[in-house]
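Numbers 31 to 277, taken from the working numbering, label the letters of the sequence shown in order.
Even for Gly, the Cβ is constructed at its ideal location relative to N, Cα and C.
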Amino acid sequence: GGGAGRGWRLTGEKCWISNAPEADFYTVFARTAPGAGSRGITAFLVPADRPGLTGSALDMLSPHPIGALAFDGVPVTADDVLGEADRGFRVAMGTLNLFRPSVGAFAVGMAQAALEATLAHTARRDAFGGKLSDLQTVAHQVAEMALRTEAARLMVYAAATAYDDGAPGVPRRAAMAKLLATETAQYVVDTAVQLHGARALRRGHLLEHLYREVRAPRIYEGASEVQRGIIAKELYAETPPPAGEAP
């Protein structure tokens, strides 16, 4: 609480934070005007060594630096504010519109790595008097992997370009890119594991690593279900009402 002139003290807890507790600074969104809804949120850049700020690491499926933070009356001032006081919600939304395509790009990279590994494996693996790639069922699965990966890549490019250009529909495009790319990566990596067989599940194999890595992006920066909700909301907002009806 407290006004900008006196500063604020942050109290609360947050979990599932990237790079916590190792980071030197944390971006914190806190309610500074109770009862004002999204208009009462302020973004702060808080140094990790501020009094009252503690953190702990979380043991995850994939060894990302993820942790939890606890704020016990952590002092912040106007100098720590990102943007303007009570207008942090806009900062958060703008950040998500940038981060969602970047998560999509990460997912496309995983899909591409899995695809390339599968192409190499199926081309050299002996099976039934030939190579795995000679089997139509295998070749068609590889084609589907490539098709979906390329579609996701183009969607990510389109979303990133729209963001850079300030084009209309950025939230929708960002959500589409994140959703399509992360769901695609899950499919491609899983199919790659299937085509490699048991070797892909051995600790240390590229696909064993990707199989653990690929699950989380469908959850963070807004789960797939959230992205579908955003897409639908933006589509209806962009659709003009029928003639003769008030908006």
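- Message: Among G70, G274, P51, T214, whose alpha-carbon lies nearest the alpha-carbon of A143?
- Response: T214
- Task: Report buried or exposed for S48, applying the criterion of at least 16 other Cβ atoms within 10 angstroms of its Cβ.
- Result: exposed
- Just the C-alpha distance for G124 and L225, rounded to the nearest angstrom, thanks. 40 angstroms
- Item | Range covered by the beta strand (DSSP E) that runs through P270 | Unbroken run through P270: none, as it is neither H nor E.
- Query: Does the beta-carbon of R69 have 16 or more other beta-carbons within 10 angstroms, so that it is buried, or is it exposed?
  - Reply: exposed
- Message: Considering Cα atoms alone, identify which of T269, G134, I249, W46 is closest to R203.
- Response: G134
- Item | Under the three-state DSSP convention, the category T107 falls into | coil
- Report the rounded CA-to-CA distance for W46 versus L88, giving the unit in angstroms. 8 angstroms
- Identify the continuous beta strand (DSSP E) that holds F55 and give its terminal residues. 55-61
- Message: On the DSSP bridge list, what partners appear for D102?
- Response: T41
- Which residues share a DSSP beta bridge with A73? F59, L112
- Message: Between which residues of its own chain and G199 is the CB-CB distance below 8 angstroms, once the five residues before and five after are set aside?
- Response: A192, E264, E268
- Query: Could you check where the alpha helix (DSSP H) with G85 kicks off and where it finishes?
  - Reply: Note, G85: premise wrong, no alpha helix (DSSP H); beta strand (DSSP E) at 83-87.
- Nearest-angstrom Cα separation, counted from P105 out to A34: Only weak support is given to the placement of A34: the predicted model assigns it a pLDDT of 49, under 50, and the question is left unresolved by the model.
- Paired residues, beta bridge with K161 - DSSP: D156
- Query: CB-CB under 7 angstroms to Y241, same chain, minus the five flanking residues each way: which ones, in chain order?
  - Reply: V219, V223
- Message: Short of 8 angstroms in beta carbon distance, which residues of its chain neighbour R120, apart from the five on each side in sequence? Order them along the chain.
- Response: G113
- Item | For G97, the three-state DSSP class (helix, strand or coil) | strand
- Item | Inter-residue Cα distance where the pair is G37 and G67 | 20 angstroms
- Message: Taking the alpha carbon of V58 as the reference point, which residue from P95, P64, F129, L99 has its own alpha carbon closest?
- Response: L99
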